[in-house]
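Residue numbers (the working numbering): 61 to 458.
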Ligand code: ACO
């Protein structure tokens with residue numbers, strides 16, 4: 061358990077709260093979470109409702125602007141994204157010059173950071189019109205950047221955006237080109253990616269969103285703030301967990317270790333059960349419920365069950381019968397089943413967290429924008445509890 065301490069320092073009362081487990085740093089109207097009841101709502105709408113009835117662009121609009129769009133507003137938003145999907149030739153050359161075997165999250169954060177250099181007419185946080193322009197540019201260009209990084213990594217020619225396709229289908233085409241699944245399977249994959257992006261769209265003050273706010277609180281531009289969010293997301297304790305889950309499942313399969321023996325290793329603290337546990341959800345993660353259903357729809361389609369999905373199901377069942385996990389309220393989180401779905405669609409493991417970032421972008425942008433208009437807005441500057449040495453004399457100074 062994390063200890064919350066109140067300390068009396070030279071400048072008054074300070075709370076020591078490692079990992080900010082009990083500290084709210086802002087008020088927000090974007091996302092509501094009840095971790096005990098497993099409730100997640102964007103702008104008041106439950107994610108279960110949105111996942112079934114909405115689509116990613118509509119949800120992105122809702123998260124960023126606060127209301128579901130009217131049809132004309134959605135069309136205008138979608139048209140703007142389509143018109144801004146290309147990236148400048150110099151930026152393409154910059155992406156092409158980056159190490160092809162570098163992790164896509166690292167390359168994507170670098171590329172997003174440079175958007176400020178290509179678009180210096182949208183970097184002023186005090187100008188709402190500039191922030192809006194940057195919002196459109198980020199939303200429009202992130203899939204193009206991500207797909208180019210992927211094509212480079214497999215040594216294939218990049219594919220530019222196609223005006224005739226919607227946001228998700230365009231991303232799938234820029235990624236897989238003619239190898240994209242077609243027909244009924246293509247439709248199913250497209251719907252699945254759309255739903256996964258919806259389920260990732262925001263999650264209040266998670267590590268990457270908190271990072272975007274902290275960086276933005278210094279009046280840094282939105283591109284720099286979002287690039288920082290991408291970096292925060294990349295870690296295996298956060299968005300990088302979707303990649304880590306798949307690697308864990310492959311390791312279990314390839315090593316031949318039994319599920320019981322693997323869980324013993326977890327309990328001995330040799331490894332973590334990736335995709336399990338959450339700072340806020342202490343009952344279940346509502347996103348993981350939806351994603352498990354989606355995984356069943358996609359992976360139980362033919363007679364050959366997906367072996368990693370089967371393994372994940374068995375691992376979950378075994379963990380949920382084990383008091384180590386139930387006593388600590390450790391349940392599958394959003395990342396537990398996403399990897400097996402992405403893998404079936406043909407995404408390589410190191411692209412999983414990139415998909416998370418594309419989904420989370422509306423949330424990062426919404427928080428950056430909300431913060432700018434918060435009457436309580438001021439630079440984020442936590443305090444510390446100093447436990448180092450007292451005053452010392454420099455050697456030889458008496
Ligand atoms: N496997 C094994 N034990 C775990 C796990 C896990 N995945 N997660 C937590 N625990 C244990 C801890 O060892 C601790 O036990 P103790 O009280 O006996 O010392 C207890 O549960 C509480 O864990 P904390 O680390 O204090 O929980 P915290 O809220 O700080 O961490 C986190 C949350 C980072 C998500 C953690 O559960 C974890 O590492 N999970 C695996 C990585 C993962 O799936 N991350 C994705 C999270 S969702 C997202 O960011 C998109």
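Backbone N, C-alpha and C fix where the C-beta goes; we use that ideal spot for every residue, glycine too.
Cβ-based burial, residue i [other Cβ within 10 Å; buried from 16]
{"i": "residue 8", "result": "Examination of residue 8 is not possible in this model, given that the chain is present from 61 through 458 alone."}
{"i": "residue 376", "result": "buried"}
{"i": "residue 329", "result": "exposed"}
{"i": "residue 384", "result": "exposed"}
{"i": "residue 149", "result": "exposed"}
{"i": "residue 447", "result": "exposed"}
{"i": "residue 313", "result": "exposed"}
{"i": "residue 124", "result": "buried"}
{"i": "residue 445", "result": "exposed"}
{"i": "residue 67", "result": "exposed"}
{"i": "residue 141", "result": "buried"}
{"i": "residue 358", "result": "buried"}
{"i": "residue 238", "result": "exposed"}
{"i": "residue 442", "result": "exposed"}
{"i": "residue 398", "result": "buried"}
Nearest-angstrom Cα separation, counted from residue j out to residue i
{"i": "residue 387", "j": "residue 119", "result": "35 angstroms"}
{"i": "residue 160", "j": "residue 390", "result": "37 angstroms"}
{"i": "residue 414", "j": "residue 280", "result": "23 angstroms"}
{"i": "residue 61", "j": "residue 449", "result": "The predicted model places residue 61 with a pLDDT of 47, which falls under 50 and marks its position as unreliable, so this point remains unresolved."}
{"i": "residue 101", "j": "residue 394", "result": "15 angstroms"}
{"i": "residue 253", "j": "residue 420", "result": "13 angstroms"}
{"i": "residue 112", "j": "residue 251", "result": "10 angstroms"}
{"i": "residue 90", "j": "residue 234", "result": "31 angstroms"}
{"i": "residue 347", "j": "residue 106", "result": "11 angstroms"}
{"i": "residue 311", "j": "residue 240", "result": "28 angstroms"}
{"i": "residue 114", "j": "residue 321", "result": "42 angstroms"}
{"i": "residue 220", "j": "residue 315", "result": "41 angstroms"}
{"i": "residue 246", "j": "residue 168", "result": "26 angstroms"}
{"i": "residue 400", "j": "residue 436", "result": "42 angstroms"}
{"i": "residue 99", "j": "residue 370", "result": "27 angstroms"}
{"i": "residue 360", "j": "residue 144", "result": "38 angstroms"}
{"i": "residue 429", "j": "residue 282", "result": "9 angstroms"}
{"i": "residue 396", "j": "residue 345", "result": "10 angstroms"}
{"i": "residue 266", "j": "residue 171", "result": "23 angstroms"}
{"i": "residue 76", "j": "residue 326", "result": "29 angstroms"}
{"i": "residue 187", "j": "residue 365", "result": "53 angstroms"}
{"i": "residue 180", "j": "residue 174", "result": "10 angstroms"}
C-beta contact flag for residue i and residue j at 8 angstroms
{"i": "residue 451", "j": "residue 108", "result": "no"}
{"i": "residue 411", "j": "residue 164", "result": "yes"}
{"i": "residue 227", "j": "residue 116", "result": "yes"}
{"i": "residue 269", "j": "residue 423", "result": "yes"}
{"i": "residue 93", "j": "residue 425", "result": "no"}
{"i": "residue 122", "j": "residue 103", "result": "yes"}
{"i": "residue 96", "j": "residue 291", "result": "no"}
{"i": "residue 354", "j": "residue 403", "result": "no"}
{"i": "residue 207", "j": "residue 231", "result": "yes"}
{"i": "residue 323", "j": "residue 382", "result": "yes"}
{"i": "residue 299", "j": "residue 417", "result": "yes"}
{"i": "residue 380", "j": "residue 191", "result": "no"}
{"i": "residue 224", "j": "residue 439", "result": "no"}
{"i": "residue 212", "j": "residue 156", "result": "yes"}
{"i": "residue 336", "j": "residue 408", "result": "no"}
{"i": "residue 137", "j": "residue 131", "result": "no"}
{"i": "residue 151", "j": "residue 178", "result": "yes"}
{"i": "residue 374", "j": "residue 317", "result": "no"}
{"i": "residue 183", "j": "residue 176", "result": "yes"}
{"i": "residue 154", "j": "residue 406", "result": "no"}
Paired residues, beta bridge with residue i - DSSP
{"i": "residue 336", "result": "392"}
{"i": "residue 94", "result": "99"}
{"i": "residue 74", "result": "67"}
{"i": "residue 105", "result": "102"}
Residue i: CB within 7 angstroms of a non-hydrogen atom of the ligand NAP
{"i": "residue 419", "result": "No copy of the ligand NAP occurs in the structure displayed; its ligands are the ligand ACO alone."}
Interface flag, residue i vs chain B, CB-CB below 8 angstroms
{"i": "residue 149", "result": "Of the protein chains in this structure there is only one, and it is not chain B."}
### Query
Do the region 264-284 and the region 79-89 make contact, defined as three or more Cβ pairs closer than 8 angstroms?
yes
### Task
Check whether the region 275-290 touches the region 245-265, taking contact to mean three or more Cβ pairs, one atom from each stretch, closer than 8 angstroms.
no
### Message
When you compare the region 288-307 with the region 435-454, are there three or more beta-carbon pairs, one atom per stretch, that lie closer than 8 angstroms?
### Response
no
### Query
Just checking, does the region 304-318 make contact with the region 193-203 on the three C-beta pairs under 8 angstroms criterion?
no
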